[in-house]
Amino acid sequence: MTEKLPPSIRIVKVQQPSTFMQHVNMQTLVFLNFWSLIVHAVIAVSSYVITAQLTEESAYELAMLKALGASKRQILALIVCCVIIT
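In numbering that gives the first Met the number 0, the protein residues as written are 0 to 85.
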């Protein structure tokens, strides 16, 4: 097979294929863990932005509930429920 390849191509033989495959698998896992971390960070940031925007948009309604006697715990529970639903 090496006769059919151009002379500029270098062929490398692996002495220990199992060790080589373990290193390849480890590099693949590190790569996937890195991108998984990035995806989770993006999801967390976008969830925060959405929650902040929803809270800001409903500031008038929350102020009305507070004026009518709603406790901080009830308002927090309402915000958490809205975030879970959305």
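From the three backbone atoms N, C-alpha and C, an ideal C-beta is built for every residue, glycine too.
Check, Outcome
"For the pair the segment 4 to 16 and the segment 43 to 51, tell me if three or more CB-CB distances fall below 8 angstroms.", "no"
"Can you check whether the CB of Ile78 is closer than 8 angstroms to the CB of Lys65?", "no"
"Going by the beta-carbon positions, is the gap between Thr85 and Leu53 smaller than 8 angstroms?", "yes"
"Whose CA, out of Lys12, Cys80, Gln15 and Val11, lies closest to the CA of Thr50?", "Cys80"
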